[in-house]
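Each remark here refers to the structure printed beneath this line.
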Amino acid sequence: EKGNYRHFMQKEIFEQPTVVAQTLGSYLRQSDNSVALPQFDFDISAIKRVTIVACGTSYYAGMVAKYWFEQFARVPVDIDFASEFRYREPVLEDGGLALFISQSGETADTLAALRHCKAMGQTIGVVVNVPTSSMAREADLLLPTHAGPEIGVASTKAFTCQLAVLAALAAHMAVKKGLMTRAEEQEVVGHLLEAPAALNAALDHDDDIASMAHLIAPARDVLYLGRGPDYPLAMEGALKLKEISYIHAEGYASGEMKHGPIALIDEAVPVIVLAPSGPLFEKTVSNMEEVRARGGKIVLISDAEGLEEAGEGCLATIEMPRVHPLIAPLVYAIPVQLLAYHVACVKGTDVDQPRNLAKSVTVE
Ligand code: M6R
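Residue numbers (UniProt numbering): 244 to 607.
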């Protein structure tokens with residue numbers, strides 16, 4: 244039931260602090276700030292390569308996780324859309340972990356890729372929200388997200404819960420490989436446990452986002468820019484906007500702008516910039532200036548410090564809490580979800596059942 248909410252999507256966006264806390268609670272131990280994954284019957288420290296396969300929003304969660312696996316566990320990561328992976332001839336070496344990410348656990352392309360990897364002798368890891376799904380049944384390593392049923396066709400809470408599980412898994416692998424000291428583990432877990440409160444703080448800006456949605460609603464095209472782990476978030480933001488408001492949107496790596504897409508920039512194309520303050524901030528801001536110099540209208544999403552430095556002259560700004568870079572992708576998911584939601588509401592589209600889309604894509 245929707246309760247006091249207008250749409251399931253809205254309800255699911257607001258559930259995120261609770262369900263992310265639930266999900267983190269089942270993979271992290273708060274008493275001593277350690278990672279506590281279930282026992283598996285293979286040695287995770289021996290994994291030589293991780294192959295991530297997923298579709299849509301789940302794929303973007305995988306893209307964020309690639310940064311974490313590389314950074315923490317120093318393991319090479321390959322990632323692909325399930326529909327592409329299945330029909331190229333992927334080289335799968337022995338000792339690899341093939342990781343499938345899916346809300347429904349029934350997406351046909353992802354399931355076909357899973358069966359292919361299984362036949363090729365890979366260890367099968369599954370991050371899934373529906374515990375009774377086909378993918379859950381076929382996993383060697385089952386990592387459920389505890390987001391609860393997701394009804395809105397646009398995936399929201401499943402995404403942030405997938406990120407929570409994937410961060411815990413990357414940290415676990417790093418610990419097992421001897422690459423993360425006990426003190427580092429405590430620090431990483433401590434930051435992850437800050438996520439629910441930070442998500443709440445992000446949700447506090449719902450009204451600001453609702454009141455600027457009319458600035459975006461008339462656009463025909465919207466660009467989203469981000470760097471590092473915020474690059475997949477830019478693509479996720481664009482996907483959300485396309486799905487429910489039917490506005491054409493693209494997510495780009497900030498540094499790629501000048502290699503082509505900058506040609507699109509004029510006053511009619513809003514550019515949403517995701518730029519938490521941190522090591523990549525200055526670079527993203529200089530890409531933002533390139534857009535501004537060409538008459539582009541910018542919506543800057545950053546924390547107070549970032550907005551103070553670069554917020555002037557923007558069409559609008561959205562303030563996020565200042566967070567550790569590890570949890571920024573979870574926190575910045577909130578404004579892109581809310582922006583898509585409120586723009587769709589301004590346009591009066593069917594938010595929970597957008598045209599041409601199904602919740603679970605069970606055909607290849
Ligand atoms: O159930 P899955 O996570 O496997 O679904 C994958 C995609 O179909 C899904 O994320 C889709 O892109 C959503 N509608 C995005 O909001």
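Glycine residues also receive a C-beta, built at the ideal position from the N, C-alpha and C atoms.
I'd like to check one pair, residue j with residue i: are the Cβ atoms closer than 8 Å?
i	j	result
Ile487	Arg463	no
Arg292	Val318	yes
Ala379	Val369	yes
Lys526	Arg470	yes
Arg331	Ala356	no
Val431	Ala414	yes
Ala477	Tyr467	yes
Tyr270	Val408	yes
Ser529	Asp546	no
Val262	Ile295	no
residue 187	Asp449	Examination of residue 187 is not possible in this model, given that the chain is present from 244 through 607 alone.
Gly338	Ala308	no
Gln346	Ser274	no
Ser603	Thr350	yes
Val278	Val418	yes
Cys557	Val542	yes
Val373	Gly391	no
Lys485	Ala496	no
Pro475	Tyr584	no
Gly498	Gly480	no
Lys501	Glu532	no
Leu267	Leu412	no
Cα-Cα, which of the options is closest to residue i?
i	options	result
Ile459	Arg565, Cys404, Pro513 and Ala325	Pro513
Phe283	Leu385, Gly338, Ile322 and Lys590	Leu385
Phe402	Gly305, Ala411 and Leu436	Gly305
Phe265	Gly339, Asp286, Leu406 and Pro564	It is Gln, not Phe, that sits at residue 265 in the sequence shown. Here the closest residue by C-alpha is Leu406.
Cys298	Val516, Leu482, Ser545 and Glu336	Leu482
Glu437	Glu479, Pro564 and Pro578	Pro564
Pro439	Ala289, Ala576 and Val594	Ala576
Met416	Gly268, Glu313, Ser603 and Ser377	Glu313
Ile287	Pro472, Leu543 and Gly421	Gly421
Thr366	Asp352, Leu335, Gly246 and Gly395	Leu335
Phe315	Phe257, Leu342 and Glu427	Glu427
Gly433	Asn276, Glu349 and Thr388	Asn276
Ala410	Leu573, Tyr584 and Lys602	Leu573
Pro522	Leu558, Gln259, Ala571 and Leu412	Ala571
Ser301	Phe324, Gln273, Ile394 and Gly364	Phe324
Cys404	Leu435, Met423 and Asp383	Leu435
Glu258	Trp311, Leu354 and Glu393	Glu393
Thr605	Thr375, Thr353 and Lys245	Thr353
Glu244	Leu280, Arg272, Glu548 and Gly395	Gly395
Pro568	Asn247, Trp311, Leu267 and Glu555	Trp311
Pro504	Ala518, Val465 and Phe524	Val465
His389	Leu342, Pro260, Cys360 and Ser326	Pro260
Ile544	Pro597, Asn599, Ala601 and Asp473	Asp473
Arg249	Val594, Ser326, Ala601 and Leu600	Val594
Gly364	Ser377, Ala382 and Ser376	Ala382
Glu607	Ile322, Ser326 and Gly246	Ser326
Which one or two residues does DSSP pair with residue i in a beta bridge?
i	result
Asp464	His491
Pro513	Lys540
Ser277	Arg272
Gly469	Ala496
Comparing the CB of residue i with every heavy atom of ligand 3, is any distance shorter than 7 Å?
i	result
Glu258	Only ligand 1 can be found as ligands here, which leaves ligand 3 out of the picture.
Check: Any chance the region 504 to 522 sits against the region 532 to 550, with 3 or more Cβ pairs inside 8 Å?
Finding: Contact between the region 504 to 522 and the region 532 to 550 is present, because at least three Cβ pairs lie under 8 Å.
Next item on the list: With a floor of 3 residues, list each beta strand (DSSP E) that falls wholly inside the UniProt domain "SIS" (283 to 422), ordered by position along the chain.
Entry: Contiguous beta strand (DSSP E) elements confined to the UniProt domain "SIS" (283 to 422) occur at 292 to 297, 320 to 324, 339 to 345, 366 to 371 and 384 to 387, taking only those with 3 or more residues.
Checklist line | Any 3 or more C-beta pairs closer than 8 Å across the region 579 to 590 and the region 253 to 263 | finding: Yes, the region 579 to 590 is in contact with the region 253 to 263.
Note to self: Does the structure place the region 558 to 572 close enough to the region 440 to 449 that three or more beta carbon pairs sit under 8 Å?
What the structure shows: The region 440 to 449 is in contact with the region 558 to 572.
Item checked: Segments assigned alpha helix (DSSP H), at least 4 residues, entirely inside the region 532 to 598 -> Fully enclosed alpha helix (DSSP H) runs of 4 or longer: 547 to 553 and 571 to 590.
Note to self: My parser needs the alpha helix (DSSP H) runs of 4 or more residues fully inside the region 420 to 459; what are they?
What the structure shows: Correct list: 425 to 436, 438 to 446 and 449 to 459.
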